[in-house]
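Visitor:
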Amino acid sequence: MTRHTLSWMALFTALALPGVALAHHAMEKDGMWVDHAGMTLYTFDKDAGGKSMCNGECAKNWPPLMVKKEDEAPKDKWTHVTRDDGSMQWAYDGKPLYTFIKDKKAGDMTGDGMKDVWHVAKP
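In case it helps, mature numbering (1 follows the signal peptide of the UniProt record, and there is no 0) puts the sequence shown at residues -23 to -1, 1 to 100.
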């Protein structure tokens, strides 16, 4: 195959699978945000001012959606927030995003409503 043919194939693949091919950190599925593995993303009511308040033991149960060096730059309502340890976390509309350790498979939402402060993240 020529390089030209491979370029066209890559373009068609990206157009056919926009949720997978074009979103590295998160994508919308069934009206909520999920990570690259399809795991539900959550927001925490105690986060304020674009800052994560979930650190230490909290972050062990609610792992933050971390920024990876290969992730695309933030755009639209997507931003990065700096965590207490200096690492970067993804946020949507100013709200840092997390997964939940008790969600075992894609589509699980066992953390929704937990202690009335954790909620499924929605666009």
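Think of the CB as a built atom: it goes at the ideal place given N, C-alpha and C, for glycine as much as any other residue. Note that the structure is predicted; figures quoted are calculated from it, not measured.
Which residues in the same chain have their Cβ closer than 8 Å to the Cβ of C31, if we skip the five residues on either side of it in sequence?
Guide: Closer than 8 Å at the Cβ level, and outside the excluded window around C31, lie F21, K23, D24, W39, P41, P73 and Y75.
Visitor: Would you mind giving the Cβ-Cβ distance between M9 and K99, rounded to the nearest angstrom? I have them listed as a contact below 8 Å.
Guide: Confirmed, Cβ separation roughly 5 Å.
Visitor: In or out: G7 buried (at least 16 other Cβ within 10 Å) or exposed?
Guide: In the sequence as presented, Gly is not what sits at residue 7; that position holds Asp. That one is exposed.
Visitor: Kindly give me the distance between the Cβ atoms of A83 and A14, rounded to whole angstroms, as I take these residues to be in contact under 8 Å.
Guide: Between A14 and A83 the Cβ distance is about 6 Å, and since that is below 8 Å, they are a contact.
Visitor: Could you name the residues of the same chain whose beta carbon sits closer than 8 Å to that of D89, not counting the 5 residues immediately before and after it, in chain order?
Guide: T17, Y19, W95, H96 and V97.
Visitor: Does DSSP put A(-3) in a helix, in a strand, or in coil?
Guide: At A(-3), the pLDDT of 31 sits below 50, so the modelled position is not reliable; the number obtained from the coordinates is stated separately. In this structure, A(-3) counts as helix in the three-state DSSP scheme.
Visitor: Please state the DSSP three-state secondary structure of K28.
Guide: Strand at K28.
Visitor: Rounded to the nearest angstrom, what separates T87 and F77 at their Cα positions?
Guide: About 8 Å.
Visitor: Count the other CB atoms, across all protein chains shown, that sit within 10 Å of the CB of A68; report buried if there are 16 or more and exposed otherwise.
Guide: Answer is buried; the Cβ neighbour count reaches 16.
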